[in-house]
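Protein chains in written order, with this note's numbering: chain H, 1 to 262; chain W, 263 to 588.
Cβ coordinates follow ideal geometry from the N, Cα and C atoms, glycine included.
Predicted model, so just to flag it, every value in this text is computed and none were measured.
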Amino acid sequence: MRLLSVALTFTKVAVQQQLAYRGEFLGAFINAFAVDTLNAAVSVAVIYAHTDSLRGWSAGELLVVVGLFNVVLGVMGTVMFPSLSRTTEDVYEGTFDYVLMKPVPSLFFASTHYVQVGRFVNSIVGVVLCAFGLFILEAGALTWRVALFPLMLASALAIFYAFVVAMTTLVFWAVRLEGIESMFNVFFRTSRYPVDIYPKWIKGFLTYLFPVAFVSTVPTETLVGRDSGWLIAVGPVIATIAVYGATRFWRLGLRRYSSASS
Amino acid sequence: MAAIIQVDDLVKHYEVPVREGGLFASMRSVVHRRHRTVRAVEGISFELQPGEIVGFLGPNGAGKTTTLKVLSGLLYPTSGKVDVLGFTPSDRRVDFLSSVTLIMGQRQQLFWDLPAVDTFLVNKSIFGIEDCEYAETVATLTDLLDLSELLEKPVRQLSLGERMKVELAAGLLHRPTVLYLDEPTIGLDVAMQQRIREFIREYNKSAGATVLLTSHYMADVEALAERVIVINRGSLLYDGPLQGLVDRYAPHKIITLQLERDLTGEELAKHEGLTVVDSRRVKLTASRDGIADLTVRLVQGLPVADVSVEDPPLEEVISEVFEDAE
């Protein structure tokens with residue numbers, strides 16, 4: 001309850017600030033819209049101008065994948081990404097000490113304290129793309145699996161979050177992270193498309209090692225009624241393991257910070 | 263009375279990678295990192311009683327900040343025992359964190375682009391401060407630190423001194439009873455330094471807070487602390503009253519004479535050790551023993567208009583302490 005109110009305060013403060021700098025707000029807004037959403041929507045249009053099916057995925061289904069990718073990207077880009085990226089700066093500049101002096105869990109603070117409101121446009125457009133995709137699909141084909149969709153979406157967010165946390169935690173060992181961040185972005189953006197379209201070995205990598213398959217492909221499958229087999233059960237398991245592992249790793253990082261820094 | 267802060271044989275070592283110059287050495291260090299152990303704190307012990315203000319002195323790299331960070335719970339001690347308000351700081355319990363504050367003059371916690379009042383609101387929510395208590399605290403701090411014009415301006419528009427005042431307020435909203443102040447007046451002009459000092463004393467009195475303060479400005483220490491702890495290279499050199507430090511390490515005083523006219527060469531030669539400060543003013547450093555006789559002799563033998571006998575500046579005493587330790 002207390003943490004929720006803290007998170008709301010962070011959001012309130014960020015909204016006030018970013019509305020005060022309308023130029024920046026608009027910039028972030030346009031950037032989010034153009035780089036991820038428009039880009040994805042245009043690719044879908046281009047692809048299906050030439051074919052009706054991409055490795056068994058129709059235009060409507062692909063739109064749902066792209067939409068979901070944007071929903072997840074919006075949530076992460078609004079809160080977790082900017083906050084954790086600030087955290088790496090805090091560690092670099094030594095102001096992370098102030099984070100540790102606060103009587104709230106450090107990972108909570110590190111994941112929520114900086115909100116970038118404009119980024120939420122990704123989520124809104126993502127929902128629109130999903131709806132449009134489902135509309136094209138004439139989503140009468142919804143099955144019982146739809147009930148699992150919220151769980152799948154939550155797993156998607158959890159997996160992504162765990163990876164960002166793990167990546168951020170590296171800052172306790174190697175203060176500069178630019179290379180790792182851009183590599184992460186490249187991998188993460190593969191989830192704009194269903195993992196089926198990639199060669200088999202990449203698909204395996206994206207399902208089990210760097211499980212972006214669960215960010216958009218599997219939730220879409222539950223939503224549009226495609227059979228993803230036992231992966232439905234694997235998603236939440238991977239999410240749980242990933243979050244648990246990331247939290248443990250964060251604690252290890254803190255221990256290192258507390259014993260190895262001055 | 264039970265001690266608020268108790269430090270027993272605190273040791274803090276940590277490792278830093280050794281970076282060597284040159285391309286070859288850098289490439290080798292990627293594969294084979296070499297480490298060097300920094301012995302920041304080498305077994306120090308002290309206690310602070312409730313309501314005390316203690317000056318924590320030492321040259322750069324003496325281990326002051328490291329000690330403050332251990333006391334704040336930011337760093338784990340390598341060995342030794344630390345107790346603050348009955349807590350082990352590194353456990354970082356909520357009750358502990360809600361009762362202490364660490365304010366570093368060189369690092370700020372305020373959101374740079376936002377008015378300070380927004381950082382205040384965030385801290386209010388994080389520390390779970392009730393509305394009425396918050397309003398009261400902000401009113402008191404605004405009054406004491408003269409903040410009324412400052413809270414609504416984006417922090418980046420504030421001057422260094424203004425920012426420090428707001429920084430102090432942000433660190434005190436939860437009314438901590440233990441304050442660690444690391445160089446709180448660094449870079450500020452004399453008037454602002456004085457302002458901050460007065461505020462610290464005021465807060466110490468009104469809240470009954472215990473304060474451990476490091477500063478390079480001896481004026482801070484003289485104005486605030488009756489007791490000082492001096493460390494060098496991680497070891498304790500002195501712990502006791504400020505005056506005791508002066509007595510022990512500066513067994514001499516400085517006599518300054520204001521003269522009615524300039525001295526002749528002959529007069530100067532007659533009194534050994536006299537240095538001319540400027541026109542009609544001379545100085546003499548003399549040992550404490552027999553200072554009275556010496557002063558009388560000078561006053562009788564020279565055309566003296568005024569005389570003062572003082573301890574040497576604390577800066578000199580301190581550097582004496584460190585030289586002594588080498």
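Check, Outcome
"Limits of the beta strand (DSSP E) - the one that Pro503 (chain W) falls within", "497 to 503"
"Leu336 (chain W) and Ser258 (chain H) closer than 9 Å at C-beta", "yes"
"Chain-ordered chain H contacts of Leu364 (chain W) [CB-CB under 9 Å]", "Asp97, Tyr98, Met101"
"The segment 107 to 122 of chain H in contact with the segment 75 to 92 of chain H per 3-pair CB rule at 8 Å", "yes"
"Local conformation of Gln520 (chain W) per DSSP, three classes", "strand"
"C-beta neighbour in chain H for Asp384 (chain W), strict 9 Å", "Strictly speaking, residue 384 (chain W) in this sequence is Val, with Asp absent from that position. Yes, Val384 (chain W) counts as interfacial toward chain H."
"9 Å Cβ cutoff, Gly94 (chain H) in contact with chain W", "yes"
"Distance, Glu464 (chain W) Cα to Arg457 (chain W) Cα", "11 Å"
"Terminal residues of the beta strand (DSSP E) in which Pro279 (chain W) lies", "267 to 279"
"Outcome for Thr220 (chain H) when other beta-carbon atoms lying within 10 angstroms are tallied against a minimum of 16", "buried"
"Counterpart residues of Asp345 (chain W) in DSSP-defined beta bridges", "W:Gln268"
"Cut-off 7 Å between Cβ atoms - residues of its own chain near Gly235 (chain H), not counting five sequence neighbours on either side", "Met152, Ser155, Phe214, Val218"
"When W:Leu530, W:Leu519, W:Ala485, W:Gly348 are compared against Val544 (chain W), the one with the closest alpha-carbon", "W:Leu519"
"Per-residue burial, Ile202 (chain H) [other beta carbons within 10 Å of its own, 16 or more giving buried]", "exposed"
"Arg296 (chain W) to Gly179 (chain H) span [Cα, whole Å]", "23 Å"
"Three-state secondary structure (DSSP) of Leu148 (chain H)", "helix"
"Proximal residues of chain W, C-beta to C-beta of Phe10 (chain H) below 7 Å", "Val384"
"Proximity test, Leu134 (chain H) beta-carbon vs the ligand HEM heavy atom, cut-off 8 Å", "Looking at this structure, you won't find the ligand HEM or any other ligand, since it has none at all."
"Below-9 Å beta-carbon distance, His113 (chain H) vs any chain W residue", "yes"
"Under 7 Å from the C-beta of Leu336 (chain W): neighbouring residues of chain H", "Asp97, Leu100, Ser258"
"Range covered by the alpha helix (DSSP H) that runs through Asp375 (chain W)", "Neither: Asp375 (chain W) is in no alpha helix (DSSP H) and is coded neither H nor E."
"Run of the alpha helix (DSSP H) containing Gly67 (chain H), from where it starts to where it stops", "59 to 75"
"Interface partners of Ser5 (chain H) on chain W, CB under 9 Å", "Ser387, Gly390"
"Residue interval of the alpha helix (DSSP H) (run including Ile491 (chain W))", "That residue, Ile491 (chain W), is in no alpha helix (DSSP H); its beta strand (DSSP E) goes 489 to 494."
"Own chain partners of Gly305 (chain W) with C-beta closer than 6 Å, once the 5 adjacent residues on each side are dropped", "Asp271, Val273"
"Which residues DSSP lists as bridging Arg301 (chain W), in chain order", "W:His275"
"Whole-Å CB distance - Thr222 (chain H) paired with Leu383 (chain W), under 8 Å assumed", "Contact flag wrong, Cβ pair sits at about 41 Å."
"Members of the segment 405 to 422 of chain W near chain H, C-beta cut-off 7 Å", "none"
"Where the beta strand (DSSP E) containing Arg543 (chain W) begins and where it ends", "543 to 549"
"Residues that Val362 (chain W) bridges to, as DSSP identifies them", "W:Val440"
"Any chain W beta carbon closer than 9 Å to Arg255 (chain H)", "yes"
"Burial state of Arg226 (chain H), where buried means 16 or more other Cβ atoms lie within 10 Å", "buried"
"Spatial distance of Pro513 (chain W) from Leu422 (chain W) (CA atoms)", "39 Å"
"From H:Ser228, H:Ile238, H:Ala40, H:Leu68, residue whose alpha carbon lies closest to that of Ala131 (chain H)", "H:Leu68"
"Of the listed residues H:Val72, H:Thr112, H:Gly27, H:Ile159, nearest to Val237 (chain H) (C-alpha basis)", "H:Ile159"
"The segment 352 to 372 of chain W contacting the segment 534 to 549 of chain W, beta-carbon criterion three pairs below 8 Å", "no"
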